[in-house]
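Novice: Chains as they are written, first to last, in this note's numbering: chain A, 1 to 331; chain B, 332 to 616; chain C, 617 to 898.
Below you will find the structure I want to go over with you.
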Amino acid sequence: MKLSKSKVNQALDMLAKEATVLVPMIVDGVSKFAPWGTEGKLALDIVNTLLPPKDALFPQTEKMYKYKVSAETAEVKEITDSDKQVVFGLRSCDMHSIDCMDAVFLTKGYVDNFYSRKRENLTTIAINCTKSNPTCFCDSMGVDPNNAASADMQLIDIGDAYVVEARTEKGKAVEALWQPLLEAGEGTATPISCELKLDMAGLPAKLRGMFESDIWDDGYQACIGCGTCTYICPTCYCFDINAENHGQEGVQFRCWDSCMFSEYTRMAGGHNPRPSKKERLRNRFMHKLAYFDERYNKNLCAGCGRCVVNCPVNIDITRFIEKVKEVPVNG
Amino acid sequence: MSDIQQELRKTARELLESGEVGYIIGWGKGRFANQTHPIFVKDPAKVDELVWDDYCLSTLAKYTQDDKYPEKKIGICVRGCDSRAVNRLIQDHQLKREDVYLIGIPCSGKLDPETNEPAKKCVECAHRNPVVYDVLLGSPVEEVPQPERFKEVEELEAMTPDERYNYWADVYDKCIRCYACRNVCPACNCRECYTDQYRVGWQGKQNNRAENQIFGITRAYHVGDRCIECGECQRVCPMGLPLMKLNRKMLKDINNLFGAYEAGLDTETKPALGHYETNDVEEFM
Amino acid sequence: MVEIERECSCEKNPLVPQVCQIVEITDETPDIKTFKVKTMEGTKPFAPKPGQLGMFSLIGIGEGMFSITAQGEDYLDFAIKKIGMLTDALHEVKPGKQIGLRGPYGNTFPTEGCKGKNMLFIGGGIGLAPVRSFIRYAFENRKDYGKIDIVYGSRTPADLCFKDDLFKNWPAMPDTEVHVTVDKGDENWNGHVGFVPAFVEELNFSPADTIVVLCGPPIMIKYCAQSLKKMGFADDQVVTTLEMRMKCGIGKCGRCNIGSKYVCLDGPVFTMAELADLPAEY
């Protein structure tokens with residue numbers, strides 16, 4: 001079945017009756033996934049939004065529980081709100097980052113309930129890429145820009161319409177909802193690939209042996225230690241937990257944190273195992289390209305190119321990957 | 332420009348070979364034609380990595396704060412903005428003049444890598460020639476007067492208080508608190524920023540309008556009369572927030588209250604808010 | 617040798633604490649207090665294994681991960697040193713204070729793998745707190761372990777933690793020796809004076825059939841490890857615990873990683889042999 005592009009607005013309206021539908025939009029000059037109905041311009045033709053859709057599952061600030069305290073007593077009440085959400089029009093790279101977050105928050109001993117509640121209530125509708133940015137390199141990271149395998153529904157852009165492929169129960173429910181809008185028809189899109197190619201073969205394993213390499217001695221100096229790369233990254237998931245007090249009551253919340261901030265690992269008493277920009281940048285790149293692979297068997301880089309474009313000082317993970325490749329194996 | 336680039340590399344090689352400087356902070360080329368990044372060249376054999384082109388946007392003086400007790404002088408490429416940042420740091424006692432060797436480069440402005448139009452911060456620049464240097468490459472360029480320095484502020488002042496509140500509310504609703512503005516700013520040179528004193532709790536880490544505005548206002552007030560108008564905060568902001576409007580509002584008021592004032596042109600003129608004179612206006616007392 | 621076991625007391629959400637009560641506070645040293653904690657019903661909040669951690673919170677002020685020093689039928693003990701904002705506030709509270717607790721987190725000391733071995737416990741300062749959980753376990757299961765040696769040191773005699781254990785309870789146990797040292801003595805101190813690593817070398821323990829459990833300030837661990845190596849202990853005979861800044865306790869929030877391991881989940885207990893395979897970033 002296919003959905004004519006002229007009926008996308010109607011399709012979104014139908015979804016929005018049942019859930020918050022996050023769509024790529026340009027809102028006040030910023031491209032991001034915004035609730036359908038927000039004042040702004042639908043932007044299904046741009047390759048990547050500046051802000052990824054990760055906050056649908058992992059909001060920048062998320063309330064965890066309310067509390068009341070007195071001199072002696074304490075009370076805690078978990079916040080369990082979770083509304084139905086649909087992310088419409090996400091790209092394969094952003095779907096890959098949801099796969100990464102699933103691995104972090106749902107496996108390895110503990111399930112993170114705040115995440116799992118949102119995840120269960122989320123439907124993902126992916127659209128294939130018909131072009132790539134010069135900074136895109138997802139296919140080098142094991143992501144297929146033509147197909148987001150784990151999405152609930154894949155839309156395939158065939159020019160004037162999208163071919164609809166429902167892959168899960170949630171996807172089929174969307175297809176059923178859209179039934180009045182859908183027409184018979186099939187079609188395929190011409191597959192694309194990224195121009196920027198990186199050779200990742202053996203790289204995670206090689207990097208694991210390069211913690212002490214002098215490759216880290218050069219390049220970190222330019223870093224200004226801001227959180228841009230981590231906050232616009234679709235896969236970065238580190239968080240902090242803090243309290244917001246209002247007299248004798250308050251809310252415990254978690255919020256995005258960044259491994260690039262100096263106080264991120266600083267302990268009570270002052271010791272900091274990652275005291276300078278060098279150790280912090282090394283940890284970020286190692287986490288993306290080696291540690292995560294070791295733990296979850298995936299690259300924690302989706303190859304979306306957001307950090308390459310937006311780093312204020314153009315620190316470029318793709319050039320770093322090439323540099324690692326050039327290092328002799330025993331070097 | 333290529334002449335200056337050649338001269339820059341030659342100067343850099345001489346400075347490194349003679350041991351006058353330990354390393355040179357300049358710009359190197361990125362993967363794409365519209366990208367450069369700050370580089371730190373130690374080895375005279377690598378001076379050809381230094382470039383001078385339309386995309387040398389980053390200011391460089393702040394990097395001296397990562398090396399406060401250098402073994403040898405640090406060589407820094409300075410345009411007008413970088414040189415004023417050097418003065419800023421010297422005047423704030425965060426840098427010693429004798430610890431830096433300043434390679435002055437007159438600058439006619441850079442391009443925005445996204446649009447290839449002249450970068451906003453360069454269009455608004457009032458000091459294209461370095462105000463302090465040890466050697467000057469090329470010859471001075473003509474300065475461009477900035478009669479509209481406070482035009483954007485006047486537009487804000489023309490709004491009603493409610494309109495203005497909504498304007499800044501929208502701005503700070505967008506802020507993601509990456510702190511790029513703070514980290515790039517030569518006036519933000521506190522050893523430890525109040526935002527990082529998380530155990531004290533001045534600044535909540537939650538992202539919401541109130542906390543974001545507290546950060547924006549605190550930073551604007553603390554930078555205050557020390558803003559050298561390099562425009563880097565606004566350039567690096569990933570969300571494109573108009574941060575210079577806030578800084579220029581401070582500067583406009585300072586100009587009105589204390590007379591014509593620009594920060595970082597030298598190290599002798601005391602910052603308007605950083606000292607007291609008996610004939611200072613007292614309308615807020 | 618180290619077996620990771622994970623369990624969580626929170627029925628629903630591992631990130632939401634249960635409200636518990638401090639029932640007793642003991643002054644150990646001028647800057648260390650032991651907090652005895654029970655649930656509001658007067659029961660044990662959860663049943664940790666030796667070496668595991670608990671996330672202890674003064675609700676509204678902050679949360680911190682601490683090792684569980686001891687446990688009884690109906691309580692958990694946390695010996696906590698005053699070192700920052702949370703612990704400063706904690707040292708001001710009175711018995712009866714309700715606090716938040718979640719856990720237990722992390723892996724455990726290899727109590728099983730050490731059965732039949734001689735045990736050498738080495739602690740410095742507050743570092744005795746985590747080791748004490750294993751020492752108590754070993755005494756509760758005394759027949760499972762061979763000779764037990766305990767070496768403990770602090771800055772001054774006043775800073776010695778768990779004095780009753782050190783000078784009364786533990787020396788009275790069968791086939792057990794307790795060796796105490798201080799960096800700097802005072803007029804009433806008749807015991808050994810000197811740093812722990814040198815003291816360990818002086819005592820010249822035999823590595824035969826012996827497992828070492830070593831915990832203290834990083835600098836002490838470093839030099840003790842060197843001393844032990846000199847005495848012939850292999851890396852897989854030495855067990856230690858690591859500390860990192862932690863927030864979630866369940867291996868999600870990111871900050872306590874050493875390489876691909878998370879100290880809150882894969883640690884805090886590591887053998888020196890395991891640490892040799894990890895980046896030295898702690």
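Here a beta-carbon is modelled for each residue, glycine too, at the ideal position from N, C-alpha and C.
1. Look at the alpha carbon of residue 408 (chain B) and the alpha carbon of residue 137 (chain A), and state the distance between them as a whole number of angstroms.
2. May I ask which residues mark the beginning and end of the beta strand (DSSP E) holding residue 66 (chain A)?
3. Could you check whether the region 348-356 of chain B touches the region 315-324 of chain A, counting it as contact only if at least three pairs of C-beta atoms, one from each stretch, sit closer than 8 Å?
4. So what does DSSP say about residue 216 (chain A), is it helix, strand or coil?
5. Which residue comes first and which comes last in the beta strand (DSSP E) that contains residue 302 (chain A)?
6. What residues from the region 824-853 of chain C come within 8 Å of chain A, judged by C-beta to C-beta, listed N to C?
7. Any idea what DSSP makes of residue 289 (chain A), helix, strand or coil?
8. List, in order along the chain, the chain B residues whose C-beta lies closer than 7 Å to that of residue 310 (chain A)?
9. Determine, using beta carbons only, whether residue 515 (chain B) comes closer than 8 Å to chain A.
10. Find the residues of chain A that neighbour residue 500 (chain B), judging by a C-beta separation of less than 9 Å, and give them in chain order.
11. Could you say which of A:106, A:203, A:51 lies nearest to residue 329 (chain A) if we only look at CA atoms?
12. Could you tell me which residues DSSP pairs with residue 34 (chain A) in its beta bridges?
13. Which same chain residues end up closer than 6 Å to residue 196 (chain A) when comparing Cβ atoms and leaving out the 5 residues on each side of it in sequence?
14. Does the distance from the C-beta atom of residue 427 (chain B) to that of residue 352 (chain B) stay below 8 Å?
15. Once DSSP output is grouped into helix, strand and coil, what is the label at residue 510 (chain B)?
16. Check whether the Cβ atoms of residue 830 (chain C) and residue 794 (chain C) sit closer than 8 Å, and answer yes or no.
17. Is the distance from the Cβ of residue 66 (chain A) to the Cβ of residue 79 (chain A) below 8 Å?
18. State the DSSP-derived secondary structure class of residue 252 (chain A), mapped to helix, strand or coil.
19. Confirm, please, whether the CB-CB distance from residue 164 (chain A) to residue 5 (chain A) is below 8 Å.
20. Just the Cα atoms here: how many angstroms apart are residue 335 (chain B) and residue 231 (chain A)?
21. Could you work out which residues of chain B lie near residue 319 (chain A), taking near to mean beta carbons separated by less than 8 Å?
22. Name the chain A residues that come within less than 8 Å of residue 546 (chain B), Cβ to Cβ?
23. Pick out whichever of B:541, B:604, B:591 has its Cα sitting closest to the Cα of residue 554 (chain B).
24. Considering only residues of the same chain and omitting the five flanking positions on each side of residue 770 (chain C), which have a CB-CB separation below 8 Å?
25. Verify whether the separation of the beta carbon atoms of residue 714 (chain C) and residue 265 (chain A) is less than 8 Å.
26. Which whole runs of the beta strand (DSSP E) in the region 730-799 of chain C are 3 residues long or more, in chain order?
27. According to the neighbour-count rule (16 or more other Cβ atoms, all chains shown, within 10 Å of its Cβ), is residue 533 (chain B) buried or exposed?
28. Could you round the C-beta distance between residue 611 (chain B) and residue 585 (chain B) to whole angstroms and report it? I think they count as a contact, below 8 Å.
29. Return no unless some Cβ of chain B is closer than 8 Å to the Cβ of residue 235 (chain A).
30. Leaving out five residues on either side along the sequence, give the residues of the same chain with a beta carbon under 6 Å from the beta carbon of residue 525 (chain B).
31. Using 8 Å as the limit for Cβ to Cβ distance, is residue 785 (chain C) near chain A?
32. Compute the beta-carbon to beta-carbon distance between residue 435 (chain B) and residue 355 (chain B), rounded to the nearest angstrom, for a pair I have assumed lies under 8 Å.
33. Under 8 Å, Cβ to Cβ, is there at least one residue of chain C near residue 64 (chain A)?
34. Determine the DSSP secondary structure at residue 310 (chain A), reduced to helix, strand or coil.
35. Write down every uninterrupted run of the beta strand (DSSP E) in the region 370-416 of chain B whose length is 3 residues or greater and which is fully enclosed by it, in chain order.
36. Measuring CB atoms only, is the region 560-573 of chain B touching the region 498-516 of chain B, in the sense that at least three cross pairs come out at less than 8 Å?
Specialist: Looking at the coordinates:
1. 33 Å
2. 61-69
3. no
4. helix
5. It is not in any beta strand (DSSP E) - residue 302 (chain A) carries neither H nor E in the DSSP assignment.
6. 834
7. helix
8. 569
9. yes
10. Under the 9 Å cutoff, chain A gives no residues; its nearest Cβ is about 12 Å from residue 500 (chain B).
11. A:203
12. A:23
13. 137
14. no
15. coil
16. no
17. yes
18. strand
19. no
20. 37 Å
21. 361, 362
22. By Cβ distance, chain A contributes nothing, its closest Cβ being about 13 Å from residue 546 (chain B), past 8 Å.
23. B:604
24. 645, 740, 741, 776, 777, 798, 799
25. no
26. 734-740, 764-770, 792-798
27. exposed
28. About 11 Å separates the two Cβ atoms, so there is no contact after all.
29. no
30. 533
31. no
32. The Cβ separation is near 13 Å, so there is no contact.
33. yes
34. helix
35. 404-409
36. yes
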